[in-house]
Structures are given as structure tokens and as C-alpha cells.
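Structure record follows, encoded as C-alpha cells.
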Amino acid sequence: EKFFDIKCRKTGLKPSAAVIVATVRALKMHGGVERKDLGQENAKAVAEGLVNLKRHVDNVRSFGVPPVVAINRFDGDTAAELKAVEDGCKAAGVPVVLCSHWANGGAGTEDLARKVVELVEGGTADFKPLYPDEASLWDKTETIAKTIYGAAGIAADARVRGQYAQYQEAGFGHFPICMAKTQYSFSTDPTLKGAPEGHEVAVRELRVSAGAEFLVAVCGDVMTMPGLPRVPAAESIRLNDAGEVEGLF
4 EKFFDIKCRK TGLKPSAAVI VATVRALKMH GGVERKDLGQ ENAKAVAEGL VNLKRHVDNV
64 RSFGVPPVVA INRFDGDTAA ELKAVEDGCK AAGVPVVLCS HWANGGAGTE DLARKVVELV
124 EGGTADFKPL YPDEASLWDK TETIAKTIYG AAGIAADARV RGQYAQYQEA GFGHFPICMA
184 KTQYSFSTDP TLKGAPEGHE VAVRELRVSA GAEFLVAVCG DVMTMPGLPR VPAAESIRLN
244 DAGEVEGLF
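Residues 4 to 252 (the numbering used here) make up the sequence shown, in order.
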């Protein structure tokens with residue numbers, strides 16, 4: 004969403020296809036399996052976790068871009084689990100390719116490369132951002148929450164609403180929104196797996212990045228980049244009298 008709504012909007016890029024990378028382990032987690040049990044075969048959980056993958060497929064399609072699912076296959080994945088993913092993708096009408104690039108390098112993604120070329124040459128892409136530049140900052144945030152995250156809407160206290168009004172009036176209203184939230188869930192609760200619907204996305208702060216030309220909507224309990232420790236490593240890095248770098252390790 005950030006690439007489509009921020010980078011493509013700024014640069015004029017129009018993607019012809021998108022690759023969604025999926026793993027059996029991640030789908031099992033979204034199907035309710037605890038981390039300690041992910042090594043055990045559970046095709047049923049994979050099938051139940053496919054709602055998460057389907058949401059990602061729908062999200063890519065909402066931008067007018069055709070997706071292909073790349074299954075990042077690992078040695079622990081069983082035939083039944085892989086079949087569950089393939090069957091789910093076929094039911095969703097999205098092409099799916101097994102990949103083994105972690106083990107075989109480029110040779111492990113040749114089939115994926117051919118499928119991407121096929122999608123691109125098919126010419127079905129009709130890329131469009133999720134919202135227009137002229138939409139209000141509040142409406143942009145709510146559009147992302149509803150369309151991408153499946154939320155019922157967004158919520159903010161008086162202080163944050165004041166930030167929205169302040170930046171809108173200050174001339175930043177045409178900037179896109181960069182959502183800062185947990186990557187583990189479509190909601191702001193990292194423990195809520197699958198494809199939750201009807202939840203509320205609480206915005207606790209709106210920050211303007213004037214140089215980058217976007218606004219950051221900080222949602223939930225999340226640390227934004229760069230996320231440095233109290234004493235960053237940079238404080239111990241220096242050049243000695245011989246012009247050599249010290250303090251890297």
C-alpha cells in the first residue's frame with residue numbers, strides 16, 4: 004500500500020504486476036497455530052489461514068494490479084500443506100508458483116519470473132492509487148483502514164483530531180498518508196490473526212514529514228523507524244589518526 008500510494012504517486016510509476024510472497028509457516032500462524040507448533044504438519048490450519056493471503060490478494064487487486072502468489076517453499080513444508088495453499092489460490096483465481104530461491108538462488112524462481120512476464124505482457128493492469136490527492140487527510144487515513152485493513156473506521160482523541168485539522172489547514176492536505184502500525188495483523192493488535200473485520204484503527208499521533216512529503220499516522224503501540232537504542236552504535240564509530248574506521252564491532 005505504501006509503495007502504491009506514496010512512491011508510485013510521487014514518481015508516476017505504474018506497476019504492471021505484483022508478487023505476493025507467502026510461506027506455509029505464516030499461514031499456519033494465521034490459522035491459529037502457536038509458534039512452538041509450526042513444525043508440525045497442519046494442512047487444516049493452512050487452509051484456515053488463507054483468509055489472510057486472500058486479503059492481501061484483494062488489496063493488490065484494489066489498486067488495479069494483477070498479483071501472483073509466490074510460495075517460499077522450505078524443507079519442512081509437506082505436500083498436503085503446499086496443496087492447501089495452491090488450492091486456495093486457485094479458488095481465489097490468482098496464479099501461484101512454488102519457489103526455492105533460498106536454496107537454489109535464481110534457478111529457484113525461474114517459474115515465478117516466467118509468470119510475472121506473462122502477467123506483464125497480458126496488459127491487464129490498470130493502476131490507480133487508493134485515494135485522490137484532494138481527499139482530506141482524515142478521509143485518506145480512513146480509506147486505508149477500511150479498504151486495506153478491513154476496519155469499520157478510524158478513531159482519534161481531540162488532540163490527534165487537532166493535528167489532522169492543523170496539518171490540513173497548514174497546506175499539507177495534498178500529501179499521502181504513511182500508516183505506522185504492527186506488521187503482524189491487519190488490525191492494531193498484533194495477536195489478532197487472519198483477516199479481521201469491523202475493528203477500529205486508533206490513531207494516536209499524526210506526524211508531518213515535510214521533506215519526504217507524506218504524513219505518518221501512528222497507530223497502536225508501535226515504534227517507528229529508525230528505532231535506535233539509547234546509545235546508538237554510531238556514537239562509538241570514529242576515524243583514527245591513520246584514517247581507519249574503528250568501533251564497528
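The C-beta atom is built at its ideal place from N, Cα and C for all residues, glycine as well.
Only a predicted model underlies this, so the values are computations on that prediction, with no experimental measurement involved.
- Burial of L218 is indicated by the presence of at least 16 other C-beta atoms within 10 angstroms of its C-beta.
- Within the region 41-79, the beta strand (DSSP E) runs of at least 3 residues that lie entirely inside it are, in chain order, 70-75.
- Within the same chain, A154, I157 and V204 come within 6 Å of A148 by CB-CB distance, once the 5 residues on both sides are set aside.
- By alpha-carbon distance to A236, the top candidate from F252, M228, A245 and D224 is F252.
- Take the alpha-carbon of P98 and the one of L115: they are about 10 Å apart.
- CA-CA distance, Y170 to D160, rounds to 16 Å.
- Note on R58: 16 or more other CB atoms within 10 angstroms of its CB, so buried under the neighbour-count rule.
- Bridge pairing for I180: L218 [DSSP].
- T191 is classed as buried because its beta carbon has at least 16 other beta carbons within 10 Å across all chains shown.
- Here DSSP, grouped into helix, strand and coil, assigns A21 to strand.
- Per DSSP, the continuous beta strand (DSSP E) segment holding G156 begins and ends at G156 to A158.
- Assigned with DSSP and collapsed to three states, A106 falls in helix.
- Exclusion of the five residues before and after S65 leaves L133, T150 and I151 as the residues of its chain whose Cβ lies within less than 8 Å of its Cβ.
- About 10 Å separates the beta carbons of E208 and V225, which is beyond the 8 Å limit, so they are not a contact pair.
- Non-local beta-carbon contacts of K17 in its own chain, meaning distances under 6 Å to residues more than five positions away in sequence, involve F130 in chain order.
- With fewer than 16 other beta carbons inside 10 angstroms of its own, E113 counts as exposed.
- Within the same chain, Cβ atoms closer than 7 Å to the Cβ of E44 are found at T81, A83 and E84, the five residues on either side in sequence being excluded.
- Secondary structure note for L115: its alpha helix (DSSP H) is the uninterrupted segment E113 to G125.
- Looking from the CA of L140, the closest CA among P179, K196 and G96 belongs to P179.
- Just so you know, the alpha carbons of V88 and P135 end up roughly 35 Å apart.
- The closest CA to that of G67, considering only R241, V22, R162 and T127, is found on T127.
- When DSSP states are grouped into helix, strand and coil, E84 belongs to the helix group.
- A Cβ-Cβ separation of about 3 Å places G34 in contact with G52 under the 8 Å criterion.
- About 6 Å separates the Cβ atoms of M32 and K196, confirming a contact at the 8 Å cut-off.
- In the structure shown, the three-state DSSP call for R233 is coil.
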